[in-house]
Every structure is written in structure tokens, then in C-alpha cells.
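**Q** As you go down the protein sequences, you meet chains V and B in turn. Residue numbers for the first sequence follow the numbering used here, so the first one is 33 and each next one is one higher. Residue numbers for the second sequence follow the numbering used here, so the first one is 428 and each next one is one higher. Beta carbons: idealized from backbone N, C-alpha and C, even for Gly.
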Amino acid sequence: MQAVLAIAIGVLTASGVYLLLRPRTFQVIIGLTLLSYAVNMFIFSMGRLKVDSEPVLIQGINATLANTADPMPQALVLTAIVIGFAMTALFLVIMLASRGLHGTDHVDGEDGPDGEDDER
Amino acid sequence: MIAQLSALLDRLLEATMPHLIAAPILLPLLTAALMLMLEERHRRLKSVLSVVSGLAGLLVALALLRWVNAPATGTGPGSVGVYLPGNWPAPFGIVLVADRLSSMMVALTGVVAFAASIYSTSRWDRAGVHFHPLLQLQLMGLNGAFLTGDLFNLFVFFEVMLAASYGLLLHGSGKHRVRAGLHYVAINLAASALFLVGAALMYGVTGTLNMADLSTRIAELGPGDRGLVRAAGAILGVAFFAKAGAWPLNFWLVPAYSAAVSPVGAVFTLLTKLGIYTVLRLWSLFFAPDGFGEYVLTAFGLATLFTAALGLIGTQRLSHLAGFSVLISAGTLLAAIGLGQPGIWAGALYYMLSSTLAAAAFFLLIDMLERWRNAGASIAAYESADAAPFLAEDLRPMDDVNLDDDEQALYGRAIPAGVAFLGLAFLTSAVLLAGLPPLSGFIGKFAMLSALLAAPAVYPSGWIFLALMLVAGFFMLVAFSRAGIRHFWTAPDGGKPALRAVEVFPVLMLLGASLALTIGAGQAMSHAGATAKDLRNPFAYREAVMNARQRPALDSAIEVKP
Chain V
33 MQAVLAIAIG VLTASGVYLL LRPRTFQVII GLTLLSYAVN MFIFSMGRLK VDSEPVLIQG
93 INATLANTAD PMPQALVLTA IVIGFAMTAL FLVIMLASRG LHGTDHVDGE DGPDGEDDER
Chain B
428 MIAQLSALLD RLLEATMPHL IAAPILLPLL TAALMLMLEE RHRRLKSVLS VVSGLAGLLV
488 ALALLRWVNA PATGTGPGSV GVYLPGNWPA PFGIVLVADR LSSMMVALTG VVAFAASIYS
548 TSRWDRAGVH FHPLLQLQLM GLNGAFLTGD LFNLFVFFEV MLAASYGLLL HGSGKHRVRA
608 GLHYVAINLA ASALFLVGAA LMYGVTGTLN MADLSTRIAE LGPGDRGLVR AAGAILGVAF
668 FAKAGAWPLN FWLVPAYSAA VSPVGAVFTL LTKLGIYTVL RLWSLFFAPD GFGEYVLTAF
728 GLATLFTAAL GLIGTQRLSH LAGFSVLISA GTLLAAIGLG QPGIWAGALY YMLSSTLAAA
788 AFFLLIDMLE RWRNAGASIA AYESADAAPF LAEDLRPMDD VNLDDDEQAL YGRAIPAGVA
848 FLGLAFLTSA VLLAGLPPLS GFIGKFAMLS ALLAAPAVYP SGWIFLALML VAGFFMLVAF
908 SRAGIRHFWT APDGGKPALR AVEVFPVLML LGASLALTIG AGQAMSHAGA TAKDLRNPFA
968 YREAVMNARQ RPALDSAIEV KP
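(1) Mind checking residue 772 of chain B: buried by the 16 CB within 10 Å criterion, or exposed?
(2) Which residues in chain V sit within 8 Å of residue 586 of chain B, going by Cβ to Cβ distance?
(3) If I measure Cβ to Cβ from residue 702 of chain B and keep anything under 6 Å in the same chain, skipping five residues before and after, which residues do I get?
(4) Can you tell which of B/886, B/900 and B/875 has its C-alpha closest to the C-alpha of residue 863 of chain B?
(5) Count the other CB atoms, across all protein chains shown, that sit within 10 Å of the CB of residue 797 of chain B; report buried if there are 16 or more and exposed otherwise.
(6) Can the beta-carbon of residue 37 of chain V be found less than 8 Å from the beta-carbon of residue 593 of chain B?
(7) Could you compute how far the alpha carbon of residue 510 of chain B sits from the alpha carbon of residue 466 of chain B?
(8) Whole angstroms are fine: how far does the CA of residue 480 of chain B sit from the CA of residue 550 of chain B?
(9) State the CB to CB distance for the pair residue 871 of chain B and residue 778 of chain B, rounded to an integer number of angstroms; the pair is presumed to be in contact (CB under 8 Å).
(10) Can you tell which of B/714, B/682 and B/656 has its C-alpha closest to the C-alpha of residue 746 of chain B?
(11) Skipping 5 residues on each side, what residues in its chain have a beta carbon closer than 6 Å to that of residue 532 of chain B?
(12) Between the C-alpha atoms of residue 577 of chain B and residue 586 of chain B, what's the straight-line distance to the nearest angstrom?
(13) Taking residue 112 of chain V as the query, report the chain B residues whose CB atoms sit under 7 Å from its CB, ordered along the chain.
(14) Of the residues that make up the region 450–465 of chain B, which ones have a beta carbon closer than 8 Å to any beta carbon in chain V?
(15) Threshold first: 4 residues or longer. Then list the alpha helix (DSSP H) segments lying entirely within the region 437–498 of chain B, N to C.
(16) Suppose the cutoff is 7 Å on Cβ atoms and the five residues either side in sequence are ignored; what does the same chain contact list for residue 529 of chain B look like?
(17) Taking only the alpha-carbon atoms, compute the straight-line gap between residue 749 of chain B and residue 795 of chain B and give it to the nearest angstrom.
(18) Name the two residues that bound the continuous beta strand (DSSP E) containing residue 509 of chain B.
(19) Whole angstroms are fine: how far does the CA of residue 105 of chain V sit from the CA of residue 579 of chain B?
(20) Measure from the alpha carbon of residue 488 of chain B to the alpha carbon of each residue in B/472, B/527 and B/738, then state which is nearest.
(21) Go to residue 524 of chain B, then tell me how far its alpha helix (DSSP H) extends in each direction, as first and last residue.
(22) Within 10 angstroms of the Cβ of residue 408 of chain B, are there 16 or more other Cβ atoms? Answer buried if so, exposed if not.
(23) So residue 547 of chain B and residue 690 of chain B are in contact, right, with Cβ under 8 Å, and what is the actual spacing, rounded?
(24) Restricting to Cα atoms, I'd like to know which of B/609, B/501 and B/743 is closest to residue 130 of chain V.
(25) Compare the C-beta of residue 609 of chain B with all C-beta atoms of chain V and state if any pair is closer than 8 Å.
(26) Can you give the Cα-Cα distance for residue 856 of chain B and residue 34 of chain V, rounded to whole angstroms?
(27) Going straight from the alpha carbon of residue 570 of chain B to that of residue 564 of chain B, what length do you get?
(28) With the cut-off set at 8 Å, would you say residue 598 of chain B and residue 558 of chain B are in Cβ contact?
(29) Leaving out the 5 sequence neighbours to the left and right, which residues in its chain are closer than 7 Å to residue 81 of chain V when beta-carbon positions are compared?
(30) Is there contact between the region 612–629 of chain B and the region 69–79 of chain V, where contact requires at least three CB pairs shorter than 8 Å?
(31) Does the region 495–514 of chain B come close enough to the region 960–972 of chain B to have 3 or more Cβ pairs within less than 8 Å?
(32) Quick one: list the residues of chain B neighbouring residue 57 of chain V, beta-carbon separation under 8 Å, in chain order.
(33) Which partner residues of residue 577 of chain B appear in the DSSP bridge assignment?
(34) Taking residue 959 of chain B and residue 776 of chain B to be in contact with their CB atoms under 8 Å, please state how far apart those CB atoms are, rounded to whole angstroms.
(35) Identify whether residue 56 of chain V lies in helix, strand or coil by the three-state DSSP scheme.
(36) What does the alpha-carbon distance come out to for the pair residue 427 of chain B and residue 783 of chain B?
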């Protein structure tokens, strides 16, 4: 399970960073979204990976991390998701405004010299 | 009489603490909420609310500063106020902490925000909707980030501050702002992702997010976990470097700050200082004992200082000058933090106050200057063409620029009051930013250098710091003199400048605050020195946070029936 999660986070981060460095706003926003997925999974994994245990205290069961999941990263990840989602939505609006004002979806508001761009 | 009054004030402060610590966060939040309920046509009311809230925030911040420093309040000078918002003891609940550094930063925020809110009522708050609520939310984020004692809560307040700053940067819209805003939002989203990774890693290794508790636990970690904590610290550092404007993560800063409308630019000078504050606070709590990252801080600070000085000398636009001045201040501060001696830190904290006030005043001044020189347009023709103002492309003056052409007598002509004000204010802020005697910029730099040279051994990094700081000051002087000559010693296009009292007053206030800092340098410097000592030895901070008691005390608490 550790390996699967680590690979998933790694692939998401790598794709996110690659897209973030691309010149089109749409690629940038998808890159940022992938990065935030990777970050959320990373935060979640910081509470240690456990199967079949709830983050609640049950009477009669010793309240240690051996018996329950850590509720803290779950609360943190919830906050991070909400904030990340709101910021991405805001970025989307700015992206559309930029597209409308400049007439191009290049992040600098203009294509390279003589219309050359690195779209493949 | 004065003694009685101050005793009364102290008693009042004592009675309102620790609840007063939450006021700098709650006040802007409530003001913003109230303003959102008003329609846009109640502009006048909103402006009044904004200014009143700014004044109240400033008074609260000054009260906090007094509580921290006065001998009769708290535990004497240097008392640390701790507020438990959820009434959970640390490290389980979030804490707000007001110590010397936090209260100083909140007071600085109060002064700059008050000035910006007054200035904005002149015309900029009408350039778009919801200017004042966004400004208030920005203040809430800044104050919260300065006061919080919890790493994740710091992230939340950072996001509050950033969300408001996105809105403020785009205020007024237009191509320039949207393009700068796009870059600004993208880089800050990426930096926030790094912040989250760092904070989560810290939690994963130590099991706590409370900064005081983290400080204790990091010191107790075994060598196996130390590497992970350092990795977390480095990742957090990258995130804060991006916010503080450290090279090479600062290319967004100058375009963004110069695209923002001028009161927003003034408030934005605080955002880089928040990055610096966070680096100083977290590094002094987590890594100062084992010196991890000292050289990195110094190296990046020096690189920032160097590149910003080059940028400064290479620009003609006033708003870019202001942006590069902000970067120079950030570079100086980062390098000074990395040099790590309490004496240098004291000078750096004093310099931070002075340079922030001067840069904020300069941002406001630019607006008036450009309106005068460019006859009302906020972006002059030469700026879009990237040419030097009032000069042709081969750097020869255009026609009718020479004042002697008419061969009029050059003496006995009255300088219009508006021009005199603009000129003197420009001169003062240039002297402050470049660090020339006799004003506070010089005192701050002098304090840093004398502490550097008074140390038993001066390392090469110290000598480079000294050289770069002097060179940067000289470049600043050249750049500002050049801009001053171009803007004041050429024939005006727009006649006499038409200035309004609400525009002149905030600039006077900010420059007056710098002047007060110069005259009261003894007091301010001793406060900065004590702050630096506290930071170097954060024992009192840790004790105060970990020993904060719930209210009402647990034994007298009302028993909750199941």
C-alpha cells in the first residue's frame, strides 16, 4: 500500500509540475489541480497508513494510534481541500478574464515572436 | 496627571487581556462582514467604516505593544500574552500569541493600513467593487498570521491574506493587472502547496503543529528524524522565500506591485514582511539552536540584495523603483537573519520598520506624482513604450524641456505648495529608503553594520553583506536622484498638481512615523534589541504558550450534563 500511495503522489506531482511549467493557462490550472491532489494525499499519509480503523475513540478500547486512526491529518486535509478548491476557482476566473482581455490563452498574454509558439 | 492616566490605561489593558489579542483579527473581520451587507451605493459610509476600523485597529495594536512592554502590565517588560480561541490548552488547541515581535508587526500593519485606507477614499476605492471589504480581510489575514502560534493556522491566515490580495491586485482591472495577477496567483498557489507539504511533514515527524511545542520536540528528536524535520523546514523555507520575495522566486513581485493601484501597493509592502517575519519566527524557534540553514538564508538574502540593486539601477519607472526597494529591503533582512547575531537582528528589525513605512509612503506618492506628470493617466505613454520619461530615444531632451528657454529670472518665483510637498516627500522617502543620514533608514543600517563589525570574528559572508548593503544604498541613491531630476526638474505637462487633503495626510503620516522612529530611535532600538534577545532565546515564549490556562479554570467549570 505504501508503494502504491507513494507512486501515486509522485506521478501526480511530476505531471503537476510539468503542466505548471507549460505556456497555456489551461495547462497551468490542470497542473495546479494535480499538485493540490498530490499535496492532499501527502497530508493524509502523514497520519500513517492504516486500514479498518476509525478516527473516533470507542469506550473500552485504549485510545492510542495503535487502535485508532489519527484524526488530525484528516481535519487538515479537509481544510486544505476547501481552500485549494476556492483558490483554483478564483484562478479560473482570472484565467478567463485574461483570455478575454488578451485574446490568447498564453500565460504572458501574448504569443512568442512572429506567432511562434510551442504548442505541439 | 500623566502618570495617573498611564496607570489607568495599564489597569484597563490588564483587564481586557488576553482577549485584546483577538481584537486585531476580529475587528477587520466584523467590519468586512458589515460592509458586505451594504450596497455599493453606500460608498461614503463604507469609506468612513474602513477608516474608523483602521484607526481602531491601530489603537488596539498600540495598546498590545504597550501591554507587552510596560513594566506594570503582564509579567513586566517582555510579557507574552496568550489567547486560547477555542479554550483548549496548548498544544491541543490553536493559540494566539502576542509577544514583542508579533505586537510590533501588528502595530506596523496598523499604521500602514490606516494610511492606505485614508488614501483609498480619495479615488481608488471607486475603481471597482468591494475595495474596502477586501482591504479589511487582507488586514485580518496579516494580523492573524502575525499573531498565531500554530503552524496550520498560519497557513489558513496566509490563505485569507492571499485571497484578499488577489482581489486587491485585480482591483481596477485592465490588461496589466490581469496579467500580473495571473502570475501572482499561480506562484502563490504553488507556494501554498509547498507550505502544506512542509507543515504536514512537520506534523508527521513530531505529532504537533503548535509552534512552541514543535520547538521543544524538534530539539528532542533523535538523529534519524532530524533529516526529515530539516527537509520539512527547507520546504517551508521555499514557500516563505516565494512570499518574502527572495531571489530567484521574486520575478513576479515587481510587475505585480507596480500593476496594483497605489494604496494596494502600499499595503502589499507588508506582505513581503510577513514572509520575513515567518522565516524569522520559525527559524528562530526550530533551527536556530543547531544553526541549520544559516548559510542558505544569508546566501539567498545576498543574492536578492544584489539582483534587486541591479534591477533598481536599470529601471526608469517610479513604480518599479518602489518594487525593487521592497526587494532590497527583503534581501537585507534575509541576509541579516542568516547572520544570526542578536545585535544584527535588532538593527534589522528597526530597519524593517523604517523601510516598510518609507516604501508604503513612496507607493502613495507615486500615484500623486504620476497623475501630476502624466496629466491624470495612471500609466504614462512612455511607460508602455518602455522609454525614459521626458527624453527622446537617443536620450536627448525633447523640446521645451529646458527651463531656461524663456530666459526668465530663476529666483523670486514661488514654488507651488503642491510641488513643494511632492518634492520634499520624494526627497524624504528617497533618503529613508537609501539609508542616508540623518533619518531612520541610516540608523537601521548603521546598527546592523556596527553589530556586524563588533562581533569577535567577521566571516566572509559578513564582509559581502557590508559591501552589498553599501553598494545597494549607493545604487538606490543614483536611481532616486535620476528619477527625481526627471520628474521635478523638467517642465510640467499638467500645470500645478491638484492634491487633496486625504491624499497628503496619509503620506505625511507615514513619513511622520518614520521621523518619530528617528527621534525616538533610543526607545525603538531598545525594543528591537529586546525582541532580538527574545528570539535568540525563546524560552519565555515556549513557557507562556505551554502554560496558558483555560478560562474559567477547569475545576470551577460548569459541569456539562451528558
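**A** On the basis of the coordinates in this document:
(1) As a first step, residue 772 of chain B is located in the second sequence; it is residue number 345 there, counting from the start. Buried, because 16 or more other Cβ atoms sit within 10 Å of the Cβ of residue 772 of chain B.
(2) Working through the second sequence from its first residue, we reach residue 586 of chain B at position 159. What residue 586 of chain B touches in chain V: 115 and 119.
(3) Taking the first residue of the second sequence as 1, we reach residue 702 of chain B at position 275. Same-chain partners within the cutoff: 667, 670 and 671.
(4) On the second sequence, residue 863 of chain B is found 436 positions in, with the first residue counted as 1. For the residues B/886, B/900 and B/875, the minimum Cα distance to residue 863 of chain B belongs to B/900.
(5) Locating residue 797 of chain B in the second sequence gives position 370, counting from the first residue. Residue 797 of chain B should be labelled buried.
(6) Numbered from its first residue, the first sequence carries residue 37 of chain V at position 5. Numbered from its first residue, the second sequence carries residue 593 of chain B at position 166. When the beta-carbon positions are compared, residue 37 of chain V and residue 593 of chain B stay at least 8 Å from each other.
(7) Counting from 1 along the second sequence, the entry for residue 510 of chain B is found at position 83. Counting from 1 along the second sequence, the entry for residue 466 of chain B is found at position 39. In a straight line, the C-alpha of residue 510 of chain B is about 35 Å away from that of residue 466 of chain B.
(8) Numbered from its first residue, the second sequence carries residue 550 of chain B at position 123. Numbered from its first residue, the second sequence carries residue 480 of chain B at position 53. Cα-Cα distance, rounded: 19 Å.
(9) Translated into positions along the second sequence, residue 871 of chain B becomes position 444. Translated into positions along the second sequence, residue 778 of chain B becomes position 351. About 3 Å separates the two Cβ atoms, so the contact holds.
(10) Mapped onto the second sequence, residue 746 of chain B falls at position 319. The shortest C-alpha separation from residue 746 of chain B is found at B/682.
(11) Counted from its first residue, the second sequence places residue 532 of chain B at position 105. Correct list, in chain order: 573 and 704.
(12) Taking the second sequence and counting its residues from 1, one reaches residue 577 of chain B at position 150. Taking the second sequence and counting its residues from 1, one reaches residue 586 of chain B at position 159. C-alpha separation (whole angstroms): 14 Å.
(13) Translated into the one-based positions of the first sequence, residue 112 of chain V becomes position 80. Chain B residues near residue 112 of chain V: 623.
(14) none
(15) Within the region 437–498 of chain B, the complete alpha helix (DSSP H) runs of at least 4 residues are 450–464 and 470–496.
(16) The residue labelled residue 529 of chain B in the question sits at position 102 within the second sequence. If we look at residue 529 of chain B and ignore the five residues flanking it on each side, its Cβ neighbours are 573 and 574.
(17) Residue numbering aside, residue 749 of chain B sits at position 322 when the second sequence is read from its first letter. Residue numbering aside, residue 795 of chain B sits at position 368 when the second sequence is read from its first letter. Distance between the alpha carbons of residue 749 of chain B and residue 795 of chain B is about 14 Å.
(18) The sequence position of residue 509 of chain B within the second sequence is 82, counting from 1. Here the beta strand (DSSP E) through residue 509 of chain B covers 508–510.
(19) Mapped onto the second sequence, residue 579 of chain B falls at position 152. Mapped onto the first sequence, residue 105 of chain V falls at position 73. For residue 579 of chain B and residue 105 of chain V, the distance between alpha carbons rounds to 11 Å.
(20) For this step, residue 488 of chain B is matched to residue 61 along the second sequence. Closest option to residue 488 of chain B, Cα to Cα, is B/527.
(21) The sequence position of residue 524 of chain B within the second sequence is 97, counting from 1. Taken as a continuous stretch (DSSP letters only), residue 524 of chain B belongs to no alpha helix (DSSP H), being part of the beta strand (DSSP E) at 523–525.
(22) With chain B running from 428 to 989 in the structure shown, residue 408 of chain B is simply not present.
(23) Against the second sequence, residue 547 of chain B aligns to sequence position 120. Against the second sequence, residue 690 of chain B aligns to sequence position 263. Sure, about 4 Å apart at Cβ, within 8 Å.
(24) Stepping through the first sequence from its first residue, residue 130 of chain V is reached at position 98. Between residue 130 of chain V and the set B/609, B/501 and B/743, the nearest pair of CA atoms involves B/609.
(25) The sequence position of residue 609 of chain B within the second sequence is 182, counting from 1. Judged by the 8 Å Cβ criterion, residue 609 of chain B is in contact with chain V.
(26) Along the second sequence, one-based indexing puts residue 856 of chain B at 429. Along the first sequence, one-based indexing puts residue 34 of chain V at 2. One C-alpha to the other measures close to 57 Å.
(27) Walking along the second sequence from the start, residue 570 of chain B turns up at place 143. Walking along the second sequence from the start, residue 564 of chain B turns up at place 137. Whole-angstrom Cα-Cα distance: 10 Å.
(28) The residue labelled residue 598 of chain B in the question sits at position 171 within the second sequence. The residue labelled residue 558 of chain B in the question sits at position 131 within the second sequence. For residue 598 of chain B and residue 558 of chain B, yes; Cβs fall inside 8 Å.
(29) Taking the first residue of the first sequence as 1, we reach residue 81 of chain V at position 49. Exclusion of the five residues before and after residue 81 of chain V leaves 33, 34 and 37 as the residues of its chain whose Cβ lies within less than 7 Å of its Cβ.
(30) Three or more beta-carbon pairs separated by less than 8 Å link the region 612–629 of chain B to the region 69–79 of chain V, which places the two stretches in contact.
(31) yes
(32) Numbered from 1 along the first sequence, position 25 holds the residue referred to as residue 57 of chain V. Near residue 57 of chain V (Cβ distances below 8 Å), the residues of chain B are 609.
(33) Here residue 577 of chain B refers to the residue found at position 150 of the second sequence. DSSP, once it has assigned bridges, lists B/637 as partnering residue 577 of chain B.
(34) Counted from its first residue, the second sequence places residue 959 of chain B at position 532. Counted from its first residue, the second sequence places residue 776 of chain B at position 349. About 6 Å separates the two Cβ atoms, so the contact holds.
(35) Working through the first sequence from its first residue, we reach residue 56 of chain V at position 24. In the structure shown, residue 56 of chain V sits in a strand (DSSP, three-state: E or B).
(36) Residue 427 of chain B lies beyond the range of chain B shown here (428 to 989); nothing can be said about it.
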